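Below is one structure, written out as structure tokens; comments come after it.
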Amino acid sequence: MQGGAVASVDVGTVAPGLADRVWINAKEAPRAVQFVRPAPVSRAWPARRQVRGGGDLSVTCEQFRDDVLAIARGFVAAGVRHGDRVALLSRTRYEWTLVDYALWAIGAVTVPIYDTASPDQVGWILSDSAAVGCVVETPAHGEMVAGLRLDLPALREVWQIESGDLIALAGQGRTVDDARVDDRRARVAGGDMATIVYTSGTTGRPKGCVLTHRNIHRDVTSAVAVLPELLHPRASTVLFLPLAHAFARLIQVGMVQTRATMVHSAGMSGALDQLRRFRPTFILAVPRIFEKLHAQAHQKADDARRGRLFAAADRVAVRYSRALDKPGGPGMLLRLARGGCDLLAYRKLRAALGGRCRMAIVGGAPLDERLEHFFRGAGIVVLEGYGLTETSPTLTANLPSAQRIGTVGRPLPGVEIRIADDGEILAHGDVVFPGYWNNPDATRATFTEDGWLCTGDLGDLDRDGFLRLTGRKKEIIVTAAGKNIAPVPIEEAVRAHPLISQCMLVGAGRPYVAALVTIDPHAWLRWRSAHGRPDASVATMRDDPQLRGEVQSAVDRANETLSKAEQVKTFRILPRDFTETDGEITPTLKIKRDMVEAHHGADIDALYHGH
1 MQGGAVASVD VGTVAPGLAD RVWINAKEAP RAVQFVRPAP VSRAWPARRQ
51 VRGGGDLSVT CEQFRDDVLA IARGFVAAGV RHGDRVALLS RTRYEWTLVD
101 YALWAIGAVT VPIYDTASPD QVGWILSDSA AVGCVVETPA HGEMVAGLRL
151 DLPALREVWQ IESGDLIALA GQGRTVDDAR VDDRRARVAG GDMATIVYTS
201 GTTGRPKGCV LTHRNIHRDV TSAVAVLPEL LHPRASTVLF LPLAHAFARL
251 IQVGMVQTRA TMVHSAGMSG ALDQLRRFRP TFILAVPRIF EKLHAQAHQK
301 ADDARRGRLF AAADRVAVRY SRALDKPGGP GMLLRLARGG CDLLAYRKLR
351 AALGGRCRMA IVGGAPLDER LEHFFRGAGI VVLEGYGLTE TSPTLTANLP
401 SAQRIGTVGR PLPGVEIRIA DDGEILAHGD VVFPGYWNNP DATRATFTED
451 GWLCTGDLGD LDRDGFLRLT GRKKEIIVTA AGKNIAPVPI EEAVRAHPLI
501 SQCMLVGAGR PYVAALVTID PHAWLRWRSA HGRPDASVAT MRDDPQLRGE
551 VQSAVDRANE TLSKAEQVKT FRILPRDFTE TDGEITPTLK IKRDMVEAHH
601 GADIDALYHG H
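Just so we're aligned, residue 1 is where the sequence shown starts under the UniProt record's numbering, counting upward by one.
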């Protein structure tokens with residue numbers, strides 16, 4: 001495919017096996033703290049030495065190397081060979097990272113599975129990958145896999161973290177000499193498979209993305225090179241995204257690469273308490289987390305009868321951030337206003353993140369532009385990037401020194417981005433995966449004849465090389481009038497309202513664009529109490545004029561920036577939120593549009609009744 005704008009930066013690096021860094025760290029900085037295991041420390045893996053205040057456990061680089069070596073010897077004793085696939089079904093926790101690096105140390109391949117995956121999804125991944133072993137977290141996970149064993153002839157072993165199977169595995173490995181692990185690790189080449197990550201996908205069965213040691217190493221090395229303020233030996237983060245997601249995995253490897261300190265958190269529940277407790281220097285999250293943080297701050301201000309003050313502080317933060325991008329920057333009055341708002345509002349927001357966090361990385365989906373300005377004005381620089389599982393995952397990133405809000409930044413070193421004639425973003429570089437596991441047809445379909453990856457996303461490059469996303473090829477809505485509508489930016493604008501959880505546009509082949517809207521469960525509890533209906537459900541009130549008025553205000557605000565053809569003409573409040581259990585959203589909160597349409601067909605028809 002010829003033509004289109006191109007942006008690229010070149011860099012050359014060597015790609016060793018990913019586990020080599022664990023041994024290098026243990027040699028060069030044995031006492032540096034690599035991980036902190038929050039109290040109470042799980043008995044699934046022994047707590048050894050270095051206990052901090054409050055019972056938290058510090059794991060030094062030397063101790064992490066010893067732990068990785070112990071599990072690696074166990075896998076060797078269990079017969080796991082170079083290139084064998086071993087699945088890992090667990091929430092984010094220390095043992096996840098431990099197993100990941102132990103498998104890499106012996107040239108085996110980690111196959112991550114989301115802990116929320118259904119039995120059908122787990123069965124498909126284990127079968128398609130021909131996994132010889134599976135590490136699961138809980139008894140419930142163990143029972144699920146046990147029920148699938150008859151259809152999994154390749155699966156020999158299942159180890160359950162919470163029952164102490166990793167400790168037993170390490171005991172089994174005592175018969176294996178350290179030199180055998182060293183020999184296995186020395187034979188790992190950059191082109192060897194490191195992992196097969198099954199895309200959650202918004203349509204069809206998950207496809208297994210093969211990522212090599214070189215793919216991941218090049219992506220991490222490039223990220224570290226351009227983000228030295230973020231990834232360095234004194235940096236720390238609390239990781240609460242699932243490590244089955246390639247974005248979180250990149251940060252895991254980056255933290256080990258730079259000897260930064262990481263705290264594992266099993267999920268968003270209790271994450272704010274851990275942020276205040278461990279005071280990270282940066283965080284990473286999907287956009288929904290920042291949307292909720294902003295909405296909660298707004299709601300707390302309303303509850304304290306300081307809603308107008310927060311609204312004023314919100315406007316000042318946005319104005320201040322926008323002024324940073326103009327010649328001369330913010331004026332004296334704006335700087336004074338910002339200083340006053342900092343004392344009254346912004347410091348509290350930063351305190352909610354631990355007080356030391358001045359930077360955040362957001363990925364997985366675009367963040368509302370105004371919200372990004374708000375956080376920057378409030379003293380937290382939110383850096384948006386872009387990538388796919390198929391690209392290890394990061395292709396582009398905004399940097400503290402080169403940020404353009406509204407874009408997803410410029411290509412990382414070694415990455416080339418090209419815009420095809422139809423607007424699709426094409427990518428090239430060592431971060432691009434070699435193909436899908438067991439799926440040559442899908443692999444051929446995702447590359448151009450000259451070897452560029454077709455991302456499926458639409459975008460454009462500005463004259464300075466910053467990439468702006470404009471939509472997904474498969475998600476473009478073509479109305480009856482032939483108008484092409486990119487739904488995601490409009491949905492984000494509607495979802496910015498604190499009461500709204502999800503928004504999905506419809507209108508393909510219809511006379512106009514309409515929306516399905518769900519209500520945020522936590523915001524709903526406050527809203528119904530404030531309106532004298534403490535026991536009401538969304539299902540019984542979705543046609544209530546006051547509730548519809550709230551949603552209409554969000555729709556009106558979104559419509560202000562849209563052309564007439566793009567504007568949302570009407571909406572329908574659904575009786576419940578979209579859920580992963582019902583197959584309506586992915587683990588990273590992307591909407592599965594076909595499933596939502598199938599489940600809510602009557603509501604969609606109602607939007608066009610009589611037209």
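The beta-carbon is built from N, C-alpha and C at its ideal position, and this holds for glycine as well. The structure presented is a predicted model; accordingly, all values stated were derived computationally and were not measured.
Item, Value
"Residue 320 (DSSP reduced to helix, strand or coil)", "helix"
"Residue 460, enclosing beta strand (DSSP E) - first and last residue", "453 to 461"
"Three-state secondary structure assigned by DSSP to residue 425", "strand"
"Cβ shell of residue 696 (< 6 Å), same chain only, five flanking positions each side left out", "Outside the displayed span of the chain (1 to 611) sits residue 696, for which this structure offers no information."
"Close Cβ partners of residue 137 (< 7 Å) along its chain, the five nearest in sequence each way excluded", "89, 90, 91, 115, 161 and 162"
"Residue environment, residue 525, which counts as buried when at least 16 other CB atoms sit within 10 Å", "exposed"
"Three-way DSSP call (helix, strand, coil) for residue 107 in this model", "coil"
"Beta-carbon contacts of residue 579 that lie in its chain and below 8 Å, excluding the five residues immediately before and after", "585"
"Own chain, CB closer than 7 Å to residue 192, minus 5 neighbours either side, in chain order", "107, 212 and 213"
"Residue 480 to residue 567 span [Cα, whole Å]", "15 Å"
"Exposure label - residue 178; buried when at least 16 CB within 10 Å", "exposed"
"Alpha-carbon spacing of residue 150 relative to residue 123, whole angstroms", "10 Å"
"Residue 101 in three-state terms, based on DSSP", "helix"
"Residue range of the unbroken alpha helix (DSSP H) whose run includes residue 144", "139 to 146"
"For residue 426 and residue 418, believed in contact at Cβ under 8 Å, the rounded distance", "4 Å"
"Assigned secondary structure, residue 467 (DSSP; H/G/I helix, E/B strand, else coil)", "strand"
"Whole-angstrom C-beta distance between residue 131 and residue 99, which should lie under 8 Å", "Not a contact, Cβ separation roughly 13 Å."
"DSSP three-state assignment for residue 193, whether helix, strand or coil", "strand"
"Residue 419 - partner residues in DSSP beta bridges", "425"
"Through-space distance from residue 284 to residue 360, alpha-carbon basis", "5 Å"
"Outcome for residue 2 when other beta-carbon atoms lying within 10 angstroms are tallied against a minimum of 16", "Since pLDDT at residue 2 reaches only 34, below the 50 mark, its modelled position is unreliable, and the value read off the structure follows with that caveat. So residue 2 ends up on the exposed side."
"Local Cβ density within 10 Å of residue 545, reported as buried at 16 or more and exposed below that", "exposed"
"Start and end residues, alpha helix (DSSP H) containing residue 159", "First-last for residue 159: 157 to 160, but that is the beta strand (DSSP E), not the alpha helix (DSSP H)."
"Beta-carbon gap between residue 256 and residue 34 smaller than 8 Å", "yes"
"Simplified DSSP state of residue 448, which is helix, strand or coil", "coil"
"CA-to-CA distance, residue 315 to residue 301, given in whole angstroms", "15 Å"
"Distance between residue 286 and residue 597 (C-alpha atoms, nearest Å)", "24 Å"
"Reference residue 239, options 220, 267 and 222, closest by Cα", "267"
"Local Cβ density within 10 Å of residue 444, reported as buried at 16 or more and exposed below that", "exposed"
"Sequence-distant residues of the same chain with beta carbon closer than 8 Å to residue 308, five excluded per side", "none"
"Proximity below 8 Å, CB of residue 18 to CB of residue 244", "no"
"Beta-carbon contacts of residue 184 that lie in its chain and below 6 Å, excluding the five residues immediately before and after", "106 and 107"
"Cβ neighbour criterion (16 or more within 10 Å) applied to residue 248", "buried"
"Close Cβ partners of residue 135 (< 6 Å) along its chain, the five nearest in sequence each way excluded", "88, 99 and 159"
"Own chain, CB closer than 6 Å to residue 610, minus 5 neighbours either side, in chain order", "Residue placement at residue 610 is poorly supported in this model, since its pLDDT is 47, which falls under 50; the coordinates still yield a value, given next. Taken in chain order, the list of residues that qualify is empty."
"Within 8 Å, strictly: CB atoms of residue 82 and residue 187", "yes"
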